[in-house]
Structures are given as C-alpha cells and as structure tokens.
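In what follows, a single structure is set out as structure tokens and then discussed.
2 protein chains.
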Amino acid sequence: MRTVRILAVDDHEMTTLGYKFILEDTEFDGFKVQMDTAKTYEDSVKRIEDAARGIPYDILLLDIQLSNPTEGPAKTGEDLGIYARKVSPDSKIVFMSSFSDNYRINSIMQTVDPEGYMVKTEIDQKSLQAMVNTVLNSPPYYTQKALVAIRKKMAQDISLDENDKKILYHLSIGTKTKDMVKYISLSLPGIENRKRQLKSLFGVEKQNDQALITASRDKGFI
Amino acid sequence: MRTVRILAVDDHEMTTLGYKFILEDTEFDGFKVQMDTAKTYEDSVKRIEDAARGIPYDILLLDIQLSNPTEGPAKTGEDLGIYARKVSPDSKIVFMSSFSDNYRINSIMQTVDPEGYMVKTEIDQKSLQAMVNTVLNSPPYYTQKALVAIRKKMAQDISLDENDKKILYHLSIGTKTKDMVKYISLSLPGIENRKRQLKSLFGVEKQNDQALITASRDKGFI
DNA sequence: AGCAAAACCATAAATATTCTATGGTTTTTC
DNA sequence: GAAAAACCATAGAATATTTATGGTTTTGCT
Numbered sequence: 034m035r036t037v038r039i040l041a042v043d044d045h046e047m048t049t050l051g052y053k054f055i056l057e058d059t060e061f062d063g064f065k066v067q068m069d070t071a072k073t074y075e076d077s078v079k080r081i082e083d084a085a086r087g088i089p090y091d092i093l094l095l096d097i098q099l100s101n102p103t104e105g106p107a108k109t110g111e112d113l114g115i116y117a118r119k120v121s122p123d124s125k126i127v128f129m130s131s132f133s134d135n136y137r138i139n140s141i142m143q144t145v146d147p148e149g150y151m152v153k154t155e156i157d158q159k160s161l162q163a164m165v166n167t168v169l170n171s172p173p174y175y176t177q178k179a180l181v182a183i184r185k186k187m188a189q190d191i192s193l194d195e196n197d198k199k200i201l202y203h204l205s206i207g208t209k210t211k212d213m214v215k216y217i218s219l220s221l222p223g224i225e226n227r228k229r230q231l232k233s234l235f236g237v238e239k240q241n242d243q244a245l246i247t248a249s250r251d252k253g254f255i
Numbered sequence: 034m035r036t037v038r039i040l041a042v043d044d045h046e047m048t049t050l051g052y053k054f055i056l057e058d059t060e061f062d063g064f065k066v067q068m069d070t071a072k073t074y075e076d077s078v079k080r081i082e083d084a085a086r087g088i089p090y091d092i093l094l095l096d097i098q099l100s101n102p103t104e105g106p107a108k109t110g111e112d113l114g115i116y117a118r119k120v121s122p123d124s125k126i127v128f129m130s131s132f133s134d135n136y137r138i139n140s141i142m143q144t145v146d147p148e149g150y151m152v153k154t155e156i157d158q159k160s161l162q163a164m165v166n167t168v169l170n171s172p173p174y175y176t177q178k179a180l181v182a183i184r185k186k187m188a189q190d191i192s193l194d195e196n197d198k199k200i201l202y203h204l205s206i207g208t209k210t211k212d213m214v215k216y217i218s219l220s221l222p223g224i225e226n227r228k229r230q231l232k233s234l235f236g237v238e239k240q241n242d243q244a245l246i247t248a249s250r251d252k253g254f255i
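So the sequence lines, in the order shown, correspond to chains A and B.
If you want the numbering used here, it's the 1-based position in the first sequence plus 33.
If you want the numbering used here, it's the 1-based position in the second sequence plus 33.
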C-alpha cells in the first residue's frame, strides 16, 4: 500500500497534531498517510528541501501565520508556499488559514495558486479526508468560505494597477492622503485624482473615504 | 413541510425530466422539491415572470444551449440568466452546462454570477442533491471541472481591454489580421502591435498565431 | 520554384491619456 | 474658530498609444 507523505506547518502544535491523528488513522482507498509537522518557517524550509532531494512531500499543509524565531524579516505561510513551489514543484499545496478575508485568499490564489484552501473554522474530520482525496486525485479543493471569496472576485472585472492598490492599502491602514506621497511615486493631486476614480469605479461617489474602504474590502482588494 | 420550487430549463426534455424525478423523490431536510420544466427561452421567461408576480422560484436550473423557436435573435441560457436576475432577484441561479471551457464559465461568472455551476458530465443523483442543499443554505456550489476553470482564472492577473478581446476572438474564428480593421476601431499597425503585446504577455513571442490562440484559450480568454 | 498575399516590423508624427504644479474651496479636527 | 487636511479645477508637461508610411519576411498557392 502506497504511503502519502504530508508535511503540516502551523505554529500551534495542537493543530498539526490534530491533523496528524485524524489523517494517519484514516483508511484511505489505496494509500495511507504519514505526516511530519513543523512550527517555523526555517524548519519547514529544511524539511521541504531535504525531502525534495529524495522523495518530495505529496502534500504540504500550510498555515499563513508562522512563528518567526530568527531576527530576520518575518515570513508568512504565503512566502513558504512561494518557495515550496520552486524547490518542490510536484508537491500539492493546501492552505489551512484562519483568514477568510478576500484579500488574503485572492493574494494567495495569485502568488501560490494552491491545490487547496481551507478556512480553519470549516475544517473537520470529514473535510480533511475529502481534501486529501481531492487534492491527490483532482484538485482543487476549497472550503465554502474560500469559495465565497473566490466567487466575489470572479464576479467583477475590475483591475487595479500597483498605485491604486497602494492607495487602497494606505487608506485602509489610516495613512493620511498627504502622507501617501512618501510611499507612492505620484504627486498629491495624482493621488487625489486616483482616489476620485476609485470611488467612481466602486460606485461610492460623493461619499467619504470610509465608504471607499468598505467597498474595496467588500470587493476583495484590501 | 416547506416546498422548494425549482424551474429546470433545457432543450432536451429527458434532461429536465431526470432532474425532476431525482429531486422530487429526494427526502430533503425540512423541505420537498416541486419542479417545473421548460424547453425554450420564451417559455422560461413567461414562467419566471409569472412566478415572480407571486412567489418566485427558489432555484432556476439553466442549460446554456436553448431551443430558439421564434425568428428573432438566438437567445442562450446566459441571456436567460441575466434577465432572470432582474425580474426574479431572489431566485438562486444554477447553470447546468455541457461546456467546461474557461471562456464560457468566466463569462457567466461575470454576467450572471450564478449561485451554482455544474458541468453535465459531473452531474449525478448525489451531486444534484448536494447542489440543492448548498445553493439554498450557503452558496455557491461548483462542480470540480468548473472549479478547475475558476482556479485557472484566479491564478492570473492579466486584464485585457475590449480591443484585445476582440482581436483574440477574431483570431480564434480565423479572421485575417488585415480584415480585423472592419470590426475593430484600430488601424492595421495598431492591431499588429497589440498582437505583439499579447504574444509577449502570454509568453508566446516569436511564435505563430496558433500559439497565441492556444495560450489565450488555455488562460480562459476565448 | 516563383509569385502574390498576408503577416510582420520599424519609425516619425499625431493623438490621447495621465501626471504635475498651482491655487483655490470645502470639510474635518481640536 | 483657526489650522490641517481633504477636495476640486485647470493649464502645461510628460507618457503612452495610435496612425501613416514603407519596408522585410513568411505563407499559400500553382
């Protein structure tokens, strides 16, 4: 009987242990699961690289939030996914995320294009088992909340360039418009003008910035 | 016990009958299904309008290909979906399509944004029942092949304007480049230049048009 | 092979779009 | 109610796109 090797990465050890107990105890059709776990970015990288030199992992289960023990720049599960795609291209990648917000999901769908995306509140024994089967046989597997975000994105044909996205981002974190010139290579009237266009695009003309933030969050841009 | 009313539209009567037999015989949790059927665009419009004046349909199951008995312009299930959204906004719309090509699915996701999309080869008793439950309780419901197309679209961040799309469309139907000026409001060098850009965008530089067609079909643009 | 049609490419001029600089008005904040 | 920020409008500058033109290469056909 074939062994499917899985690496589960999460900074909460209880979580990966839960995955491990459930999946190693499951009787799959034609294979059994053997699972490794990791808590940090560095540890995960090492395990993925080691495996890739021999037999790569079949599946990588990645949390987005990771422990960052070293002093370097903070790394997320998204970074890990991007890296894993390079060093272990045959491994299926599934995100196990607490977030069901549009922005996160859209971003990961573009940077990593994972074979699966599960929102943690929707994970149970049955969905875990279904995910493994689906991802191995005919990806993708998305839980319902992920699908809702994906549907929202698909339903619209709005494409923003980098400057627009930066403006929305800075709006969302409360940066004052006049301060945005420090982070965006546009003049102040340029930024103001784009904000006007964005409001028009999102149908919140004549309203304040809060309406624009709400609208763009609703549409998955921030 | 509540009655869920469904209208199934398909020009093959056997198909809608199949849906009807399966779903009316299913014991759902807290409701039962009562299904009407229609074969043509006109008939469907009448039924949807009639219902909307009183109690609108809970679910509309729409095939894309429809019979067009009248002499007017041919109408598709997509047109029907767009119209139904207006006159019966509370009805859930599910497409039951033979097509699993990217273009069709992407187009419908934007124009109708249906609560469900099932590729016919993937429809069976179990998936039909799951679809009804999911669509009523927590949409959306997409079958696996639809998900594959959706995933492909989500993974890329290419946005084409109307002229680009027209060029790709005309390429795909074999229009000669020099004839495109008749359908697209651009000069010949303008069209040639955009073709070059498209090839570069899709990574098929230095190759012939066929490669461009293949690439854009693969990415869901035609 | 050899011809003609179409596709392809490059450049300068024309056009359209976007950005900046500037100065003003309105709204928010304390 | 005064200062700060946001908002708006306009002219000119800077970019990007399109056209016109003329050429080269490829394709299709006999």
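Note that beta-carbon positions come from the ideal geometry of N, C-alpha and C, so glycine has one too.
Everything numeric in this text was worked out from a predicted model, so none of it was measured.
Cβ neighbours of A:Arg35 within its own chain (closer than 6 Å, five residues either side excluded): Phe64. Taking all protein chains shown into account, B:Asp91 has 16 or more neighbouring C-beta atoms within 10 Å of its C-beta and is therefore buried.
When secondary structure is reduced to three states using DSSP, A:Ile126 falls in the strand class. Taking the CA atoms as reference points, B:Ile88 sits about 30 Å from B:Pro106. Put simply, the segment 123-131 of chain A touches the segment 141-152 of chain A. At least three CB pairs are less than 8 Å apart. Non-local beta-carbon contacts of B:Thr144 in its own chain, meaning distances under 7 Å to residues more than five positions away in sequence, involve Glu111, Ile115 in chain order. At a cut-off of 8 Å, the C-beta of B:Asp96 has no neighbouring C-beta in chain A. Not a single C-beta of chain B is nearer than 8 Å to the C-beta of A:Pro122. Annotation: the continuous alpha helix (DSSP H) that includes A:Thr144 extends over 135-144.
Going by beta carbons, B:Tyr174 and B:Phe254 fall outside the 8 Å limit.
For A:Ile39, the closest alpha carbon among the candidates A:Asp62, A:Ser77, A:Met47 is that of A:Ser77.
A:Val37 is not a Cβ neighbour of A:Ala71, given a cutoff of 8 Å. The count of Cβ pairs closer than 8 Å, one atom from the segment 174-194 of chain B and one from the segment 165-185 of chain A, reaches three, so the stretches are in contact. For the set B:Asp62, B:Phe61, B:Met68, the Cα lying nearest the Cα of B:Thr48 is the one of B:Met68. Neighbours of A:Ser171 in chain B, taken as residues at a C-beta separation under 7 Å, are given in chain order as Gln177. For B:Thr70, no alpha helix (DSSP H) segment is defined; the enclosing uninterrupted segment is the beta strand (DSSP E) at 64-71. With fewer than 16 other Cβ atoms from the protein chains shown falling within 10 Å of its own Cβ, B:Leu221 counts as exposed.
In the three-state scheme derived from DSSP, where H, G and I count as helix and E and B as strand, B:Val152 is classed as strand. Residue environment analysis places B:Ile206 among the exposed positions, since fewer than 16 neighbouring C-beta atoms fall within 10 angstroms of its C-beta. A:His203 is classed as buried because its beta carbon has at least 16 other beta carbons within 10 Å across all chains shown. Judged by DSSP secondary structure, A:Ile92 falls within the beta strand (DSSP E) whose first and last residues are 92-95. Cβ-Cβ distances below 6 Å link A:Met187 to nothing in the same chain once the five nearest sequence neighbours on each side are left out.
Around the C-beta of A:Tyr52, 16 or more other C-beta atoms lie within 10 Å, and the residue is accordingly described as buried. Listed in chain order, the non-local C-beta contacts of B:Gln162 below 8 Å within the same chain comprise Ile55, Leu56, Thr59, Phe61, local neighbours out to five positions each way being set aside.
Apart from sequence neighbours up to five positions away, no residue of its chain approaches B:Asp146 with a beta-carbon distance below 7 Å. Look at A:Asp190: its C-beta is under 8 Å from a C-beta on chain B.
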